[in-house]
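Okay, so the sequence shown: first residue is 1 according to UniProt numbering, each after it adds one. Every residue gets a Cβ at the ideal spot worked out from N, C-alpha and C, and that includes glycine.
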Amino acid sequence: MLKSQLIKASIVSKNSTSVAKQTLMKASKKSFHATTNNTIGFSSKMSSTESIRMIQASSQQRTMSTSQILKNSNSTMPSDSFAWVGSNSQYLEELELAWRMNPNSVSSEWQNYFASLSQTGGAQRVFSSQQASIVASPEVGAQGEIISLIRSFQVFGHHVSKLDPLGMYAADLDFHDIPQLHIENYPYLSKMDPNTPIDLSQELIKGFLSSSLSPNNKPLTLQTLLQRLQETYCGTIGWEYMHINDREVCNWLRERIETPTQVDLTPDEKKVLLERLSYSHMFEEYLANKFPTTKRFGLEGCESLIPGLKSLIDVSSSLGVDSFVIGMPHRGRLNVLANVMRKPLAQIFREFLGKTENKLGSGDVKYHLGTSCKRYLPFTKKEVELSLVPNPSHLEAVNPVVEGKVRAKQVFMKDSKRERVLPILLHGDAAFAGQGVVYETMGLSQLEEYGTGGTVHVVVNNQIGFTTNPKNSRSTSYCSDIAKYLNAPIFHVNGDDATAVVKVFKLAAEYRQKFHADVVVDIVCYRKRGHNELDEPMFTQPIMYKAIAKQEPIISKYRTQLLKEGIVTEDHIKQVEEQVKTTFDLEFARSKTDEKLDVTGEVWYLQGSKWDRMKTPHEYSAIRTTGVPLAELKKLGKQVSTLPETGFTPHKGVARVYSQRTQMIESGEGLDWGMGETLAYATLLKEGFHVRISGQDVERGTFSHRHAVVIDQENENRYIPLKHVNPNVEFTIANSSLSEYGVLGFEYGYSLESPNQLVIWEGQFGDFANGASIIVDQFLSCAEQKWMRSSGLTLLLPHGYEGQGPEHSNARIERYLQLCDEDDETLPEKDSSKTLQIQQTNMQVVNCTTPANFYHVLRRQLHRDFRKPLVVFTPKSLLRLKEAASTLAEMAEGTSFRQVIDDETGAFSDPKEVKRVVLCSGKVYYDLLASRTQKKINNIALVRVEQLAPFPFYKIIEVMDKYSNAEITWCQEEPKNYGPWLHVYPRLKTCLKHAHGRKHKQTDFKYFGRKISASPATGYASKHNQEQEELVTHALTL
């Protein structure tokens, strides 16, 4: 979007001849006066009945469409403000148009003004096209121009701020000269004596518009005002906030920005800044000298980030924040780890030396790693938690992960005001503008069950994306323009002005704690080297890098500044430098010999954290039953199946569902999928576990099977039975935004915070989960192995072939199975008291066929001493299928999840008479069962493989030995290149090698299913039915 579009409310159309633009100046006659001592100012008395009042419009009432005006012909017009002169121009044009079409469509005051103005024939145009119009009578011209001047600096000043340290570019891609900022373009002010006193005192609009005194309590003059406007809005900070449609917010910001004098840091604060900047600069310098040919994605060119972040943490801590969760890309990560997170320098150096090794996992490159710690802050005298979340090279992918982790922390801390935990997200300029997950994550910020009380976004804007120039990597003026849709203030700052950087970080901290909303700090800087230290940037940006080569380091500039100000001496500077260097040298020496720095199981879970009782993948965890005493099931079942008897009117269809559930509990028979699922949640809540379910339409369920939230048909009040199971534990179920990537990332981050919760993300259809594949591929499937971070996140992915086409049939089971790290040729330990099969597998994949098994697999997630991601392929047509129902007894005490369900139908009496065993998984079992029953086949066994990963080797071997005379086959609904076949086939061959009781001389396995296909399913119902009938028939034909 062009800048002219972004600020179009402040620009007058070049073809406009409307006299409405004169109205504001004419109206000002009633609100301005020229005093006898030639002071320009506001009137202290204003009529309460006038609809045109000075500085009285709420910012939410700045514009009204013509259609609205015509529709509300008898309404009193909103009060108007000359301070909003730019944005009101369009409003006045529409108002005049309405008056011309129907004079009675506007109030009498406006009728009189338009009638009088039309008789004058208009007035002089001061600005030509593309310029804001200032039109005034001699009586009020100067006063109006002063207001317009202030307004212009507030709106446009950031466009001409000195933001680029290189002095080559403007952070604003649409930069051009702005006439409204030049005094010579104001006819009255340009002729005024610069020393003319100005009295702008009023209470509604804060900042310069409420000032009457200049520095030293002297009367404010035009010259002083202009000087302060230029210092404030055209210096090394570009304040962008006038897009915010909340007057309270704008006033709060103006009070802190538009101060009588420039606010500076104290001498002590500047000394602290020098020390922090020294650590930041010298860390990069030290690594460059010690490891000149190693990638590190250094922070050179934006070293001021470190003191900025530390100031943010200090101020936020003083305002009540106890925990900070940070997400960032690779640029500068090592510096943040060392100087903000205080990861041991020796450990970082040891990673560079190649001596450290993750002995329990595969590890990751050093600039992807995270850490968690507790730090004592000397400036606030309190201990805070700091967490830097590990991140892959997929830029911005960590954003929703951070937000989810923060939200979970707030829930467990009972921080309902969202004041004690602060998310901080760092971005690159190209990624912030280019990656869609930025928008998805920001879109969660104001949602009831996803908000975190505001995020501080920090853009390390080095004005390049790898080798791509900004003009080729975004369509907006600034890389930060996306934040405007949240009404977030944006503080652009020159990265070479360390003082300015610290100031904006401090203000960002205050803003977040005050308004619990997002705020952006855009540090305009440069990248001293290429994308990494081995990259040659002169290939693509020769002019920029010639300028960078001549650039004086920020530490040198800041030392010179402090010497000039007399804050420090040369001896002090040397002392700081020697202190930093000594620290680095000692840590470097330790890194060569201290093997305790290597990663071991002792640091898998942070001592004292919620996870410290969990076992690592290399420690045995006993297998437990997951059933619940029958009496408890009945009690809970009745509770969660009962709706309020009075004062609540449910939909008849929903009331019928709850009545049926009550009957299920009373009889103990016919429990459908919704009832089994609800009992799993109810029992876990009763046991003290937090349960959270999120995703599109999860409250009702895509297929109307859940109805966890019941809506009153009279007033739309909500009733959630599961919230009443345990008042001490939170149950959350939330319809999400229409996002997969962002929401799944959020829930993954949420799951990281504590093992004492069941966190579920459900896809509207399983097919849509591929929109979140980055989270699955880079976090869910491998974070434990790369970063030693466990998660028990559960994915529910509706899957099944019912003729609904390519996008509503297949959740792509094969993709999740392909991500599983289990060896297909090696049998796990058989002894259940020793086996580590599930612990040593990265995740679990199941395809349940009964409500009882689904109930057990959900409960199993929490009833063991480790956590693993779980992917459940849930049914659609089975949700209400009577044949797929379960009994309460199958969920009662002593029962557990069944990895394999043998043929229990009684179709045959002797297993030795069975000629074929059809192994299958999921809904196709019921199609096979129905056909076998109809055809009265009694020599084919149907065996369900409920758990696909880790593969139930020994259960399958038992089946092979039991049906020793039978041919073992596989049947699936999916095409041959989809579904479980390619996963199970090599594992079946391994099982066959160890099935010693078999008489059948089988060497391979037959496949029954759809043929190889590019598309997962046909879009024609007739073809679907034909394919389904064929695969079932083939499987049941000997």
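Considering only their Cβ atoms, is the gap separating I775 from Y750 smaller than 7 Å? Here residue 750 corresponds to residue number 750 of the sequence shown, with the count starting at 1. Here residue 775 corresponds to residue number 775 of the sequence shown, with the count starting at 1. Going by C-beta atoms, Y750 is not nearer than 7 Å to I775.
N939 to H1034 span [Cα, whole Å]: Numbered from its first residue, the sequence shown carries residue 939 at position 939. Numbered from its first residue, the sequence shown carries residue 1034 at position 1034. Approximately 15 Å, taken between the alpha carbons.
What's the C-alpha gap between V325 and H724? The residue labelled residue 325 in the question sits at position 325 within the sequence shown. The residue labelled residue 724 in the question sits at position 724 within the sequence shown. Rounded to the nearest angstrom, the two C-alpha atoms are 32 Å apart.
Taking the straight line between their C-alpha atoms, what separation do you get for P806 and P975? One-based indexing of the sequence shown puts residue 806 at position 806. One-based indexing of the sequence shown puts residue 975 at position 975. Approximately 12 Å, taken between the alpha carbons.
What are the boundary residues of the alpha helix (DSSP H) that includes A655? Translated into positions along the sequence shown, residue 655 becomes position 655. Taken as a continuous stretch (DSSP letters only), the alpha helix (DSSP H) holding A655 covers K652 to S667.
Please state the DSSP three-state secondary structure of P423. Against the sequence shown, residue 423 aligns to sequence position 423. P423: strand per DSSP, three-state reduction.
Enclosing alpha helix (DSSP H) for T560 [first to last residue]: Walking along the sequence shown from the start, residue 560 turns up at place 560. First-last of the alpha helix (DSSP H) with T560: I554 to E565.
The alpha helix (DSSP H) enclosing N472, as first and last residue numbers: Within the sequence shown, the letter at position 472 stands for residue 472. From DSSP, the alpha helix (DSSP H) with N472 extends over P470 to S473.
List the whole-angstrom C-beta distance separating A517 from G454, where the pair is believed to meet the contact cut-off of C-beta under 8 Å. Within the sequence shown, the letter at position 517 stands for residue 517. Within the sequence shown, the letter at position 454 stands for residue 454. Their Cβ separation, rounded to whole angstroms, is 4 Å, which keeps A517 and G454 in contact under 8 Å.
Nearest-angstrom Cα separation, counted from I838 out to T616: Translated into positions along the sequence shown, residue 616 becomes position 616. Translated into positions along the sequence shown, residue 838 becomes position 838. The alpha-carbon atoms of T616 and I838 are separated by roughly 11 Å.
Would you call the region 882-891 in contact with the region 852-871, where contact means no fewer than 3 C-beta pairs closer than 8 Å? yes
In whole angstroms, what is the alpha-carbon distance linking E584 and P344? Locating residue 584 in the sequence shown gives position 584, where the first residue counts as 1. Locating residue 344 in the sequence shown gives position 344, where the first residue counts as 1. Sequence check: residue 584 is Phe here, not Glu. F584 and P344: Cα-Cα distance of roughly 11 Å.
Could you give the DSSP three-state label for Q778: helix, strand or coil? Mapped onto the sequence shown, residue 778 falls at position 778. It is helical.
Do S480 and V520 count as a contact pair if the criterion is CB distance below 7 Å? Along the sequence shown, one-based indexing puts residue 520 at 520. Along the sequence shown, one-based indexing puts residue 480 at 480. Yes. Within cutoff.
Touching or not, the region 645-652 and the region 627-636, by the rule of three or more beta carbon pairs under 8 Å? no
Return the chain-ordered list of same chain residues with a C-beta closer than 7 Å to the C-beta of V315, the five sequence neighbours on each side being excluded. The residue you call residue 315 lines up with position 315 of the sequence shown. Within the same chain, V315 has close Cβ partners K506, A509 and E510.
For S240, write down the residues that DSSP places opposite it in a beta bridge. Looking up residue 240 in the sequence shown gives position 240. First, the amino acid is wrong: residue 240 is Glu here, not Ser. Its beta-bridge partners are I490.
Near L562, which residues of its chain fall below 7 Å by C-beta distance, leaving aside the five closest residues on each side in sequence? Indexing the sequence shown from 1 puts residue 562 at position 562. K270, L274 and V568, listed in sequence order.
Measure the beta-carbon distance from L166 to M544 and round it to whole angstroms, keeping in mind my assumption that it falls under 8 Å. Here residue 166 corresponds to residue number 166 of the sequence shown, with the count starting at 1. Here residue 544 corresponds to residue number 544 of the sequence shown, with the count starting at 1. Going by Cβ atoms, the distance from L166 to M544 rounds to 7 Å, so yes, they are a contact pair.
Is the region 281-290 in contact with the region 572-592, if contact means three or more CB pairs nearer than 8 Å? yes
In chain order, which continuous runs of the beta strand (DSSP E) of length 3 or greater are located wholly inside the region 817-846? 844-846
Could you please give the first and the last residue of the uninterrupted alpha helix (DSSP H) stretch that includes V398? Here the question's residue 398 lines up with position 398 in the sequence shown. Start and end: V398 to F412.
Are P755 and M614 close, meaning C-beta to C-beta below 7 Å? Position 755 of the sequence shown, counting from 1, holds the residue named residue 755. Position 614 of the sequence shown, counting from 1, holds the residue named residue 614. Result yes, Cβ atoms of P755 and M614 sit closer than 7 Å.
What three-state label does DSSP hand Q764 in the structure shown? Here residue 764 refers to the residue found at position 764 of the sequence shown. Q764: coil per DSSP, three-state reduction.
When the Cα of R527 is compared with those of D164, Q143, V900 and P952, which residue comes out closest? The residue given as residue 527 occupies position 527 in the sequence shown. When only C-alpha atoms are compared, the closest one is D164.
When you compare each of P869, T702, S621 and R815 to K834 by their alpha carbons, which one comes out closest? Residue mapping note: residue 834 aligns to position 834 of the sequence shown, counting from 1. The shortest C-alpha separation from K834 is found at S621.
With a threshold of 16 other CB atoms inside 10 Å of the CB of T560, please say whether the residue is buried or exposed. For the purposes of this step, residue 560 is taken as residue 560 along the sequence shown, with counting starting at 1. With fewer than 16 other Cβ atoms within 10 Å, it is exposed.
Taking G436 and S445 to be in contact with their CB atoms under 8 Å, please state how far apart those CB atoms are, rounded to whole angstroms. For this step, residue 436 is matched to residue 436 along the sequence shown. For this step, residue 445 is matched to residue 445 along the sequence shown. Actually they are not in contact, since the Cβ atoms of G436 and S445 sit about 16 Å apart, beyond 8 Å.
Could you say which of V272, F291, N245 and R228 lies nearest to T261 if we only look at CA atoms? Residue numbering aside, residue 261 sits at position 261 when the sequence shown is read from its first letter. Minimum Cα distance to T261 is reached at R228.
Determine the contact status of D902 and V943, defining contact as a CB-CB distance below 7 Å. Here residue 902 is taken as the residue at index 902 of the sequence shown, counted from 1. Here residue 943 is taken as the residue at index 943 of the sequence shown, counted from 1. Closer than 7 Å, so yes.
Where does T794 sit, in a helix, a strand or coil, going by DSSP? As a working mapping, residue 794 is identified with position 794 in the sequence shown. Note: T794 maps to strand in three-state DSSP.
Using three-state DSSP, classify S372 as helix, strand or coil. In the sequence shown, residue 372 corresponds to position 372, counting from 1. If DSSP states are grouped into helix, strand and coil, S372 belongs with the strands.
Below 8 Å, can you find three or more Cβ-Cβ pairs linking the region 962-981 to the region 916-923? yes
DSSP state of N1025, grouped into three classes? Mapped onto the sequence shown, residue 1025 falls at position 1025. Here N1025 sits in helix by DSSP.
Q435, DSSP secondary structure in three states: Mapped onto the sequence shown, residue 435 falls at position 435. Looking at Q435 - three-state DSSP - the assignment turns out to be coil, as it is neither helix nor strand.
In the structure shown, what three-state DSSP assignment does G354 receive? Residue mapping note: residue 354 aligns to position 354 of the sequence shown, counting from 1. Here G354 sits in coil by DSSP.
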